[in-house]
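Participant: Below is the structure I would like to discuss, written out as structure tokens.
Residue numbers (the working numbering): 376 to 654.
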């Protein structure tokens, strides 16, 4: 039946979930920069509470940057701490001019899929965008674990949050690269943080979230007509991700020899095509 074919199509993708790699980063002396900035602006020594908070921020960043790969035992905690760190950065950025560019801290981040490629920028929004990418990766990993345990409701929530991270990153990158005098040169971005890639990753997380919701409906014995609609919605979202990733520019990126998606791998594109074809 059509509904069964749709279910098989989306399940084939989710049963071997696409796990995103983390972006690597290099050390950044954020606390020293914050304390120096405070002293320069106020002409006073920072209070001990402020100094302690700045040092804690450095410790959190160092701890998060030490995570090289996610696991069943670290993904949930990593997602929680990454999101908390991003909120702290957002609060700082609101209090500083030009998203903290005056701190003169250079944040260096590697492309998630081509780790040899590094991008360096000197404002807190860049740090936030990269942190959101890693938070989405951690949430996606945690969702995969939840799905394997049969906790489809948890998987749905985590994938929705992952999609929200990619959407937020997209909304930060877009104004930074558009206009006659962009703050970031569009060509300076690593491909994993281009607008098209962020949109595709958002759609991919939403598609997997919809599939988790569909699987929950199957487990609960929801009517075939409702399940068919849910499966169709998942297929549409998978198709949206596929259309973006299958563009010439991104196809070359995700299948380039030496990247995460070598021809020998079971690549995203093949799995997305299979999911959409069976829907």
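Beta carbons are placed, not taken as given, at the ideal position from N, Cα and C, and that holds for glycine.
What you are looking at is a predicted structure, and each value in this text was computed from that prediction instead of being measured.
Hey, is residue 562's beta-carbon within less than 8 Å of any beta-carbon in chain C?
Facilitator: Absent from the structure: chain C. Only one protein chain is present.
Participant: Excluding the 5 residues flanking residue 549 on each side, which residues of the same chain have their C-beta closer than 7 Å to its C-beta?
Facilitator: By one-based count along the chain shown, residue 549 stands at place 174. Closer than 7 Å at Cβ, skipping near neighbours: 570.
Participant: Kindly indicate which residue of 528, 468, 399 has the alpha-carbon position closest to the one of residue 583.
Facilitator: Counting from one through the chain shown, the residue named residue 583 turns up at place 208. It is 528.
Participant: Do the segment 616-626 and the segment 555-573 touch if we need at least three Cβ pairs shorter than 8 Å?
Facilitator: Flag = yes, the segment 616-626 and the segment 555-573 touch.
Participant: Would you mind giving the Cβ-Cβ distance between residue 421 and residue 414, rounded to the nearest angstrom? I have them listed as a contact below 8 Å.
Facilitator: Taking the first residue of the chain shown as position 1, residue 421 is located at position 46. Taking the first residue of the chain shown as position 1, residue 414 is located at position 39. 6 Å between Cβ atoms; contact.
Participant: Using C-beta distances below 7 Å, list every residue in its chain close to residue 490, excluding the 5 sequence neighbours before and after it, in chain order.
Facilitator: Walking along the chain shown from the start, residue 490 turns up at place 115. Once the five neighbours on either side are set aside, the close Cβ partners of residue 490 are 399.
Participant: Inspect the beta-carbon positions of residue 492 and residue 514 and report whether they are closer than 8 Å.
Facilitator: Within the chain shown, the letter at position 117 stands for residue 492. Within the chain shown, the letter at position 139 stands for residue 514. Going by C-beta atoms, residue 492 is not nearer than 8 Å to residue 514.
Participant: Going by the CB atoms, is the gap between residue 439 and residue 456 shorter than 8 Å?
Facilitator: In the chain shown, counting from the first residue as 1, residue 456 sits at position 81. In the chain shown, counting from the first residue as 1, residue 439 sits at position 64. Their beta carbons are under 8 Å apart, which means residue 456 touches residue 439 by this criterion.
Participant: What is the rounded straight-line gap between the Cα of residue 627 and the Cα of residue 426?
Facilitator: Position 252 of the chain shown, counted from the start, is the residue given in the question as residue 627. Position 51 of the chain shown, counted from the start, is the residue given in the question as residue 426. Going by the C-alpha atoms only, they are around 47 Å apart.
Participant: On the DSSP bridge assignment, give the partners of residue 493 in chain order.
Facilitator: For the purposes of this step, residue 493 is identified with residue 118 of the chain shown, where counting begins at 1. In DSSP, residue 493 forms a bridge with 485.
Participant: For residue 394, name the three-state secondary structure that DSSP assigns.
Facilitator: As a first step, residue 394 is located in the chain shown; it is residue number 19 there, counting from the start. Looking at residue 394 - three-state DSSP - the assignment turns out to be coil, as it is neither helix nor strand.
Participant: Measure the C-alpha to C-alpha separation of residue 593 and residue 531 and round it to an integer number of angstroms.
Facilitator: Locating residue 593 in the chain shown gives position 218, counting from the first residue. Locating residue 531 in the chain shown gives position 156, counting from the first residue. Approximately 14 Å, taken between the alpha carbons.
Participant: Using only CA atoms, which one of 609, 467, 484 lies nearest to residue 478?
Facilitator: For this step, residue 478 is matched to residue 103 along the chain shown. The residue with the shortest Cα to Cα distance from residue 478 is 467.
Participant: Taking only three categories from DSSP, how would you classify residue 419?
Facilitator: Taking the chain shown and counting its residues from 1, the one referred to as residue 419 is at position 44. Correct three-state label for residue 419: coil.
Participant: Suppose the cutoff is 7 Å on Cβ atoms and the five residues either side in sequence are ignored; what does the same chain contact list for residue 410 look like?
Facilitator: Indexing the chain shown from 1 puts residue 410 at position 35. Cβ within range, chain order: 421, 426, 429.
Participant: Quick one: using the 10 Å Cβ neighbour count with 16 as the cut-off for buried, is residue 577 buried or exposed?
Facilitator: Here residue 577 corresponds to residue number 202 of the chain shown, with the count starting at 1. Buried.
Participant: Residue 401: which of 472, 590, 481 sits nearest, CA to CA?
Facilitator: Counting from 1 along the chain shown, the entry for residue 401 is found at position 26. It is 481 whose Cα lies nearest to the Cα of residue 401.
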